[in-house]
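Peer 1: Take a look at this one; I'll ask things after.
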Amino acid sequence: DSGVTQTPKHLITATGQRVTLRCSPRSGDLSVYWYQQSLDQGLQFLIHYYNGEERAKGNILERFSAQQFPDLHSELNLSSLELGDSALYFCASTSRANTGELFFGEGSRLTVL
Amino acid sequence: QQQVKQSPQSLIVQKGGISIINCAYENTAFDYFPWYQQFPGKGPALLIAIRPDVSEKKEGRFTISFNKSAKQFSLHIMDSQPGDSATYFCAASIETGGFKTIFGAGTRLFVKA
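Chains A and B, in that order, give the protein sequences.
Each residue of the first sequence is one higher than the last, beginning at 3 in the working numbering.
Each residue of the second sequence is one higher than the last, beginning at 12 in the working numbering.
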C-alpha cells in the first residue's frame with residue numbers, strides 16, 4: 003500500500019459527459035502528479051501540483067483540468083468525454099525529502115462508451 | 012528530447028533465466044533514472060533507481076547498468092521468477108521545482124515456470 007488513495011476505482015460513462023477523479027496523497031506529501039495510462043502508451047504526464055499551486059503541465063487536453071485543495075487532495079476533471087479518453091488515470095505523490103520517488107495510487111479506470 | 016525509448020515491448024523468459032530490458036534517453040539534463048514495476052490492477056511501484064554518477068547499482072536480483080556516454084541504461088533481473096511477471100517501466104527524471112519524470116512505454120515480462 004503506497005498510502006496514495008484514488009477514487010473511484012472504476013467509472014463507466016458516456017461520451018459527452020463529465021467526471022471527477024479524486025486523489026489523496028500520502029500523509030505529509032505536498033506534491034500531486036496526474037498520469038494517464040492508455041493501452042500500449044505507457045504513462046503520460048498530465049499535470050503537477052505542489053501545495054495547491056500548479057507547477058507543470060504535460061500533455062493535458064483543454065477539456066481536462068485539475069486542482070489541489072488546501073487539505074492537499076487533488077481532483078482531475080474530465081469533460082466532454084470522448085471514446086479515446088478511456089484509460090487508467092493515476093495520481094502519485096512525492097515525499098518532502100524530494101528523493102524523486104513517485105508513490106502511485108491504484109488508479110481510476112475510466113471507460114467511455 | 013524528452014522521450015525515453017524502451018525495448019522490448021514484451022519478453023518471455025524461463026524461470027531461472029536472465030531478463031534484460033533496455034532504455035535510451037536524449038536529454039542529458041536527466042539526473043535520476045528509476046525503474047518501476049507494475050502488477051495488474053496496481054499502480055507502478057519503484058523497484059530500483061540510479062543516478063548518473065555511478066555505472067551500476069545492484070539490489071538483490073535486480074541490477075541497473077548505466078552508460079552515460081551512450082545515454083542508455085538497462086535493467087537485469089537475475090534468476091527470474093514467475094512472481095517477477097509484471098510490466099516494467101524505465102523512467103528519466105529531472106528536478107525542476109518538482110520532479111519531471113518521463114516514462115518509457117513499458118515492457119511486459121512473463122516468466123515461465
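A virtual CB, placed ideally from N, CA and C, is assigned to each residue, including glycine.
Is it true that the CB of Lys79/B sits closer than 7 Å to the CB of Pro55/B?
Peer 2: No, the Cβ-Cβ distance between Pro55/B and Lys79/B is not below 7 Å.
Peer 1: Output, in chain order, the set of chain B residues within a Cβ distance shorter than 7 Å of Gly107/A.
Peer 2: Here the neighbours are Gly54.
Peer 1: So with CB distances below 9 Å, who are the chain A contacts of Pro45/B?
Peer 2: Neighbours of Pro45/B on chain A, chain order: Gly102, Glu103, Leu104.
Peer 1: So Val21/A is in the beta strand (DSSP E); what residue range does that whole segment cover?
Peer 2: Run containing Val21/A: 21-26, per the beta strand (DSSP E) assignment.
Peer 1: By a C-beta neighbour count over all protein chains shown, 10 Å radius and 16 as the cutoff for buried, is His50/A buried or exposed?
Peer 2: The residue in question, His50/A, is buried, as its Cβ has 16 or more Cβ neighbours within 10 Å.
Peer 1: If you measure from the beta carbon of Gly30/A to each beta carbon in chain B, is any gap under 7 Å?
Peer 2: Not closer than 7 Å to any Cβ of chain B, the Cβ of Gly30/A fails to qualify, so no.
Peer 1: Quick check on the DSSP output: what are the complete beta strand (DSSP E) runs of length 3 or more inside the stretch 91-122 of chain B, in order along the chain?
Peer 2: With a minimum length of 3 residues, the continuous beta strand (DSSP E) runs that stay inside the stretch 91-122 of chain B are 97-106, 110-114.
Peer 1: Taking all protein chains shown into account, decide if Phe66/A is buried (16 or more other Cβ within 10 angstroms of its Cβ) or exposed.
Peer 2: The residue in question, Phe66/A, is buried, as its Cβ has 16 or more Cβ neighbours within 10 Å.
Peer 1: Would Gln46/A pass as a contact of Asn61/A if the rule is Cβ separation under 7 Å?
Peer 2: Contact flag set, yes.
Peer 1: Could you check the C-alpha separation between Leu48/A and Glu64/A for me, to the nearest Å?
Peer 2: Rounded to the nearest angstrom, the two C-alpha atoms are 11 Å apart.
Peer 1: Going by Cα to Cα distance, which pick from Gly94/B, Ala97/B, Glu67/B, Phe84/B is closest to Val15/B?
Peer 2: The shortest Cα separation from Val15/B among Gly94/B, Ala97/B, Glu67/B, Phe84/B belongs to Phe84/B.
Peer 1: For Gln43/A, return the contacting residues in chain B, with the cut-off set at a CB-CB distance below 8 Å.
Peer 2: The contacting residues are Ala116.
Peer 1: By a C-beta neighbour count over all protein chains shown, 10 Å radius and 16 as the cutoff for buried, is Gln48/B buried or exposed?
Peer 2: Classification for Gln48/B: buried.
Peer 1: In terms of residue numbering, what span does the beta strand (DSSP E) encompassing Glu108/A cover?
Peer 2: Segment: none, Glu108/A is in no beta strand (DSSP E) and carries neither H nor E.
Peer 1: What does DSSP give as the partner residue(s) for Glu55/A in the beta ladder?
Peer 2: Tyr52/A, per the DSSP bridge assignment.
Peer 1: Along the chain, where does the beta strand (DSSP E) containing Ala81/B start, and where does it finish?
Peer 2: Here Ala81/B belongs to no beta strand (DSSP E), and DSSP marks it neither H nor E.
Peer 1: How is the beta strand (DSSP E) around Thr9/A delimited, first residue to last?
Peer 2: Note, Thr9/A: beta strand (DSSP E), 7-9.
Peer 1: Here's the rule: buried if 16 or more other CB atoms are within 10 angstroms of the residue's CB, otherwise exposed. What is Ile23/B?
Peer 2: That one is exposed.
Peer 1: Using DSSP with H/G/I as helix, E/B as strand and the rest coil, what is Leu85/A?
Peer 2: Helix, per DSSP.
Peer 1: Going by the beta-carbon positions, is the gap between Ser186/A and Thr96/A smaller than 7 Å?
Peer 2: Look at the range of chain A in this structure, 3 to 115, and you will see that residue 186/A is not part of it.
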